[in-house]
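Remarks on the structure that follows.
Numbering (the numbering used here), first residue to last: 49 to 278.
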């Protein structure tokens, strides 16, 4: 199936891979891979968690490098905000790793450590959100995608101004308002994911969960808990 990483040599091209679905974040530049997720059929319905989010809400992430708070604005990306709200509310991000962290670009997370949970959400696509004028600047949070209609659970946090992604289907849904320095501490030594780099393979992560990461990529940082801020 198509790899959800944009090809390292073209932000617009997708790699083909004989593996499981993969989603990626946007490429760091015209010569780096974009945050993408494995392609999935856009017609598949989402799981039951489909509550409409507040117009503005905050989520606190406790990570292995400290805490940060995301402020989400529903008018920036309504479908993305609703999905993110439900994921946080149901505890989806607890014990979920930053499996793709690229220095000078972004940190990507959102593949659950339990393969059964990951499988449940893998094809739970949400409709695309049009751009609302927000840009992928430092600290902005955006869903990863493998193409139109393929956003599910993976998102990334921009380390710098990645505004070149704005017109490529990556509308931000929130921003870090507390603990921005935590992003700079996330371990990034593994670099790009397989097969383009030495980092985790998204297909294996989906199939084997956290056991795969702990055995082969023990230095990765992770979200310990994520919760809505009252």
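Quick reminder that beta carbons are idealized off the backbone N, C-alpha and C, glycines included.
Query raised in the report: Who pairs with residue 241 in a beta bridge, going by DSSP?
Result: Here the question's residue 241 lines up with position 193 in the chain shown. For residue 241, which the question treats as bridged, DSSP gives the partners 247.
Query raised in the report: When DSSP labels each residue in this structure, what does residue 132 get in the three-state scheme?
Result: On the chain shown, residue 132 is found 84 positions in, with the first residue counted as 1. Looking at residue 132 - three-state DSSP - the assignment turns out to be helix.
Query raised in the report: CB residue 193 to CB residue 131, shorter than 9 Å?
Result: As a position in the chain shown, residue 193 is number 145, starting the count at 1. As a position in the chain shown, residue 131 is number 83, starting the count at 1. Result no, Cβ atoms of residue 193 and residue 131 do not sit closer than 9 Å.
Report task. Have a look at 247, 204, 137 and flag the residue whose alpha-carbon is nearest the alpha-carbon of residue 224. Result -> Position 176 of the chain shown, counted from the first residue, corresponds to residue 224. It is 204.
Query raised in the report: In angstroms, rounded to a whole number, what distance separates the CA positions of residue 239 and residue 149?
Result: The count along the chain shown starts at 1 and reaches residue 239 at position 191. The count along the chain shown starts at 1 and reaches residue 149 at position 101. Residue 239 and residue 149: Cα-Cα distance of roughly 6 Å.
**Report entry** Straight-line Cα distance separating residue 151 from residue 162
**Finding:** As a first step, residue 162 must be located in the chain shown, where it is residue number 114. As a first step, residue 151 must be located in the chain shown, where it is residue number 103. When rounded, the distance between both Cα atoms is 27 Å.
Report task. For my contact list, residue 147 and residue 248 are in at a C-beta cut-off of 8 Å; report their separation, rounded to the angstrom. Result -> Against the chain shown, residue 147 aligns to sequence position 99. Against the chain shown, residue 248 aligns to sequence position 200. With 8 Å as the limit, residue 147 and residue 248 qualify as a contact, their Cβ atoms being about 5 Å apart.
Query raised in the report: What are the partner residues of residue 236, as DSSP defines its beta bridges?
Result: Position 188 of the chain shown, counting from 1, holds the residue named residue 236. Paired residues: none, contrary to the question.
Requested in this report: Determine contact between the segment 205-216 and the segment 163-171, defined as no fewer than three beta-carbon pairs at a distance below 8 Å.
Outcome: no
Query raised in the report: How close, in whole Å, do the beta carbons of residue 196 and residue 177 come, if the pair is a contact with beta carbons under 8 Å?
Result: The residue you call residue 196 lines up with position 148 of the chain shown. The residue you call residue 177 lines up with position 129 of the chain shown. Not really, about 11 Å apart at Cβ, beyond 8 Å.
Query - Backbone CA spacing between residue 294 and residue 221 [nearest angstrom] - result: Because the chain is modelled from 49 through 278, residue 294 falls outside the range shown and cannot be assessed.
Query raised in the report: With 16 as the cutoff for other CB atoms within 10 Å, does residue 269 come out buried or exposed?
Result: Translated into positions along the chain shown, residue 269 becomes position 221. Buried: at least 16 other Cβ atoms inside 10 Å.
**Report entry** the ligand GDP heavy atom lying under 8 Å from the CB of residue 260
**Finding:** Ligands are entirely absent from the displayed structure, and the ligand GDP is therefore not among its contents.
Query raised in the report: Under the rule that 16 or more other beta-carbon atoms within 10 Å means buried, what is residue 101, buried or exposed?
Result: Here residue 101 refers to the residue found at position 53 when the chain shown is read from its first residue. By the neighbour-count rule (16 or more Cβ atoms within 10 Å), residue 101 is buried.
Requested in this report: Using three-state DSSP, classify residue 98 as helix, strand or coil.
Outcome: Taking the chain shown and counting its residues from 1, one reaches residue 98 at position 50. In this structure, residue 98 counts as coil in the three-state DSSP scheme.
Report task. Out of 115, 160, 113, 141, state which residue places its alpha-carbon closest to the alpha-carbon of residue 255. Result -> Sequence index remark: in the chain shown, residue 255 carries index 207 (1-based). Of 115, 160, 113, 141, the residue nearest in Cα terms is 160.
Query raised in the report: Around the C-beta of residue 227, are 16 or more other C-beta atoms found within 10 angstroms, so that it is buried, or is it exposed?
Result: Counted from its first residue, the chain shown places residue 227 at position 179. It counts as buried.
Query raised in the report: Tell me the DSSP bridge mates of residue 156?
Result: For the purposes of this step, residue 156 is taken as residue 108 along the chain shown, with counting starting at 1. Answer by DSSP bridge pairing, in chain order: 148, 204.
Query - Bridge partners - residue 111, DSSP secondary structure assignment - result: One-based indexing of the chain shown puts residue 111 at position 63. Per DSSP, 114, 271.
Query - Alpha-carbon spacing of residue 234 relative to residue 112, whole angstroms - result: Residue numbering aside, residue 234 sits at position 186 when the chain shown is read from its first letter. Residue numbering aside, residue 112 sits at position 64 when the chain shown is read from its first letter. Approximately 8 Å, taken between the alpha carbons.
Requested in this report: Output the boundary residues of the beta strand (DSSP E) element that contains residue 189.
Outcome: Counting from 1 along the chain shown, the entry for residue 189 is found at position 141. Segment 188-191, the beta strand (DSSP E) holding residue 189.
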